[in-house]
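Residue numbers (my numbering), protein chains in the order written: chain A, 116 to 622; chain B, 116 to 622.
Contents: one structure, followed by commentary.
Protein chains: 2
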Amino acid sequence: MAKASKRTAIQPTREENYPEWYQQVVKAAELAENSPVRGCMVIKPWGYTLWENMQRVLDRMFKETGHTNAYFPLFIPKSYLEKEAQHVEGFAKECAVVTHSRLEMGKDGKLHPASPLEEPLIVRPTSETIIGEMYAKWVQSYRDLPILINQWANVVRWEMRTRLFLRTAEFLWQEGHTAHATEKEAWEETRQMLDVYAKFAEEYMAMPVLRGEKTEGERFPGAVSTLCIEAMMQDRKALQAGTSHFLGQNFAKASDIKFLDDTGNTQFAWTTSWGVSTRLIGGLVMTHSDDDGMIIPPRLAPAQVVILPVIPKDEHRGPVMEACESLKKELSAITWVDGQRLDIHLDARDLRGGEKMWHWVKKGAPIRVEIGPRDLEKGGVFYARRDTGEKAGCSREEFVGKVTTILDEIQDGLLKRALDFREANSKVIDSVDDFRAFFTPQNEKQPEIHGGFAYSHFCGDPALEDQLQKELKVTVRCIPYADEAEPGTCIFTGKPSKQRVVFGKSY
Amino acid sequence: MAKASKRTAIQPTREENYPEWYQQVVKAAELAENSPVRGCMVIKPWGYTLWENMQRVLDRMFKETGHTNAYFPLFIPKSYLEKEAQHVEGFAKECAVVTHSRLEMGKDGKLHPASPLEEPLIVRPTSETIIGEMYAKWVQSYRDLPILINQWANVVRWEMRTRLFLRTAEFLWQEGHTAHATEKEAWEETRQMLDVYAKFAEEYMAMPVLRGEKTEGERFPGAVSTLCIEAMMQDRKALQAGTSHFLGQNFAKASDIKFLDDTGNTQFAWTTSWGVSTRLIGGLVMTHSDDDGMIIPPRLAPAQVVILPVIPKDEHRGPVMEACESLKKELSAITWVDGQRLDIHLDARDLRGGEKMWHWVKKGAPIRVEIGPRDLEKGGVFYARRDTGEKAGCSREEFVGKVTTILDEIQDGLLKRALDFREANSKVIDSVDDFRAFFTPQNEKQPEIHGGFAYSHFCGDPALEDQLQKELKVTVRCIPYADEAEPGTCIFTGKPSKQRVVFGKSY
Ligand SMILES: [Zn+2]
Ligand SMILES: [Zn+2]
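Below, the structure is given as structure tokens:
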């Protein structure tokens, strides 16, 4: 007999249909929705505030590592894309092309594109080529280096199949672009920014990540090497959460970024680029949420505490609201991580208590506090943790005193839970049979959650990697950073392998 | 004989050629430059940090007045623009049209647009129509109102003649879009946001502004009424620095934003929109800068104080740099307006002292501090104010103690200077002859700085306004807020006039 299942706030559950569960969580949390413009999403206030919080932390980290922000044009002349051969190949297939600069009323009473441009413009899918063009103007001598600039911007990649946050035609991101006098310095920058991303993912998103290098097939078009952070989602698939590219002199040559070194010789600069995007929001949802909806790590939550007044009768409204307002004021004055004040939301809407409570469960607010007439008498509050579901009452004074401790516990608990999940679903695999079994669902028609991260020896053959992708939808997620690389033999070919790599299915 | 003129850091001077002076100030301050993409600018780090500072203050003001941020698509389907007749007319003539979603390699070895879209997309020139479409989905009942959302975004208007910050094809801005249940509430919002802009302009930019209403001819396409803030630049022309539009039910009808009111009747919502853009940076430059370059009001400066080490001999480097670092640390800990810490920049570059000093003069840093070996001996510093050119020495301790007082003085002094300038160049004009004389340059071939704000009675006839624009390039900048409207007769037609309006030439 089937186990009688508790009715969950999100239908279907993760087990029942993971992709649909994801869409429903995003919808129920009011993070974003599809717009009438194909593939372009609308990021709603709760989702956008989450993005603003991510931006605030990342922006501080970028500035602490010596970067400043600037802004470059949305449009890239077609001829710029043509400069770097691999880069074109990577992006030409999916870009929005602007061809006209005016609309004109036709005889049919409708507007038609008019004033064709001499050269079509591409809406930036990434900005290496246009930024490279500017750097070439700005750099003459080694004294002009390094250039350490970041840009917060929107970009467009014309994806055919889109999913909110994970893959959309337009998305928001930051792209760092740096130019250096030496290869060594550019490599250090590439690694440093990957570490910044890893720190952000783990300490703020509570999302454990593997750091590593991409194989040739998964590299950024035009890069010499792509470093990445990879996280495991609850369906055990990998999400590439951030990348940092060592571009060598490829783009410097394409854009002619040259400088006189201190011995008077002309050299090409060494460049890097690195980015994370609103995709991180998708990663955050799929790392922590449960069958009742979103769970947001407190350090990034648009509101760490939501206060819900309980007003059984109209006569209670005055005193209850007063107590809620005063608690909000007191909590809002508390500083927590990075000296930031707590964000406290008081939901004074005229809704049934149950409806209101579920609203905030689905939105993933870390702590909900209820105050009703009986709490007033006792000077108490009743609170609930979103992560564990734990509910408790205590004096208002006690709650104010321990709120940041509870938030720390939630933050740490979410990271630990996600780490345990990843470890439980990571496996050292030394035979092809085991590898195939690991990545093959039991039910082909409605593939259930399966697989995970496989640590296996691999010779690095791109053709073999292609074949695995076609057969099993499995790719090398990364060649992980390893303190001591342990050599072995490729499980597929028996050829030598320098270290185990991480295989997985991915978003 | 001509007065022997002091050589200025910016050539030409304002008097010699104001438009060219502006371009040179922007260039010398490294605020922005033209990109290879026609009409699109690159905002360089110093200019972008100024924009970030503006954003930080405005964003706080928007949130304090109950707004939240969200993000809507970059692209607008052509059919949406067609929904509001006046809106189309206003924007169809100057928009970037996306017609293809791919580039394909041709036989000529070049990329060509491929995969034509079924319906062309417009790169947003403003977002009323796409946001209206979403609001129509989100609003069912009066309980869903008001919606108070702001968006920070890039927009594109295909201008033929562009000038950095003042008029560019792509620019950055914020656009607030609100929907309300009643006309009264929408009007209150429209006025409130104009007041927010006026407060920001005066208290942060130190740029005095007139608040008022636009005439029909200058109204936002599709609005019922456009309120504006207008500032006077140093060439006595007006700059429209921000607008707040009461849209009535026009856009609600075009986008079908309807709700059930509390009596069960279906009504159209009342909407507003309001925006300021990177144009404000142009206004700031033209309000305060002088013939030696940029002058930035301290409250928005990317660095309030720049510390310049003076190192005559190599043996001085260690102790001087140490003193500079320690002063930087001490100053950086000081909080000033809105609890923000001071931004202190230490320029440790290996450049000649004079070159370095002029660099920061041209960039407009409010205070420059020099520390050399002799200052060390006395425990003193030498500082210079950018606004007055005043230079003084004092003990380091004294400087730390009074730095925020000096910054306040600079901030207040800039506002007062700009206000005096505007008052000196504003004139009550009661005859057509005086009006013509006021707005006519002495030298037609190289028009010198002339004119200003003329306060005159006007009957409001749009045809007359058109004629004045053609003949004199003069328009009604605004019908100013007036405590007591003083009626009179139009100086052109003798017809009745409710109050004096403000005429001026403009950007
Ligand atoms: Zn192999
Ligand atoms: Zn008249």
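Each residue gets a CB set at the ideal place from its N, CA and C atoms; glycine is no exception.
What N168/B touches in chain A, judged by beta-carbon distance under 8 Å, is nothing: the nearest beta carbon there is about 11 Å away. Among the CB atoms of chain A, one or more fall inside 8 Å of the CB of I158/B.
L309/B carries a helical assignment under DSSP once its states are collapsed to helix, strand and coil. Here I246/B is not bridged, per DSSP, to any residue. The three-state reading of DSSP puts C439/B in helix, counting H, G and I together. Scanning the segment 268–354 of chain A from its first residue to its last, the whole alpha helix (DSSP H) runs of 4-plus residues come out as 298–318. Contiguous alpha helix (DSSP H) elements confined to the segment 510–552 of chain B occur at 511–539, taking only those with 4 or more residues. Within the same chain, and ignoring the five residues on either side of V515/A in sequence, the residues whose Cβ sits closer than 8 Å to its Cβ are L442, E445, L446, I449. Q266/A sits in a strand when the DSSP states are folded into three classes. DSSP places P577/A inside the alpha helix (DSSP H), whose first and last residues are 577–587. The beta-carbon distance between P595/B and R326/B, rounded to whole angstroms, is 7 Å. This is short enough to meet the 8 Å contact definition. In summary, no residue of the segment 428–448 of chain B has a CB separated from any CB of chain A by less than 9 Å. For T386/A, no chain B residue has a Cβ inside 7 Å of its Cβ, as the nearest lies near 17 Å away.
Between the beta-carbon of V484/B and that of I410/B there is about 17 Å, and that puts the pair past the 8 Å contact cut. Cβ proximity to chain A below 8 Å picks out A207, K208, E209, C210, A211, V212, V213, T214, H215, S216, R217, L218, E219, M220 from the segment 204–221 of chain B. For the C-beta of K506/A, not a single chain B residue is nearer than 7 Å; the gap to the nearest is close to 29 Å. Under DSSP, C155/A takes part in a beta bridge, and its partners are E285/A. Rounded to the nearest whole angstrom, the CA to CA distance from R615/B to R532/B is 25 Å. Within the same chain, Cβ atoms closer than 8 Å to the Cβ of G508/A are found at D490, G495, V496, F497, Y498, the five residues on either side in sequence being excluded. Between D310/B and I564/B, the CB-CB gap reaches or exceeds 8 Å. Collapsing the DSSP output to three states places R217/B in a strand.
Put simply, the backbone Cα of I396/A is about 13 Å away from that of K142/A. When rounded, the separation of the alpha-carbon atoms in P602/B and H572/B is 8 Å. Taken through DSSP and simplified to helix, strand or coil, H182/A comes out as coil. In the DSSP assignment, R483/B falls within the unbroken beta strand (DSSP E) covering 482–486. DSSP links E167/A through a beta bridge to no other residue.
Each of E318/B, S230/B, L279/B was checked against the Cα of G162/B, and the nearest Cα belongs to L279/B. Counting other Cβ atoms within 10 Å of its Cβ, S510/A stays below 16 and is therefore classed as exposed. Non-local beta-carbon contacts of A313/B in its own chain, meaning distances under 7 Å to residues more than five positions away in sequence, involve V324, R326, I344 in chain order. The beta carbon of V400/B lies closer than 7 Å to those of Y137, V140, V141, M409 in the same chain, with the five residues before and after it left out. DSSP places E234/A in the strand class (E or B) of the three-state scheme. Between the segment 181–197 of chain B and the segment 219–227 of chain A there are three or more inter-stretch CB-CB distances shorter than 8 Å, so the stretches are counted as touching. If you draw a straight line from the Cα of Q355/B to the Cα of A185/B, it is about 26 Å long. Interface flag for I525/A against chain B is unset, since no Cβ pair is found closer than 8 Å.
The beta-carbon of S242/B is placed no less than 8 Å from the nearest beta-carbon of chain A. Listed along chain A, the residues sitting closer than 9 Å to L287/B by beta-carbon distance are Y186.
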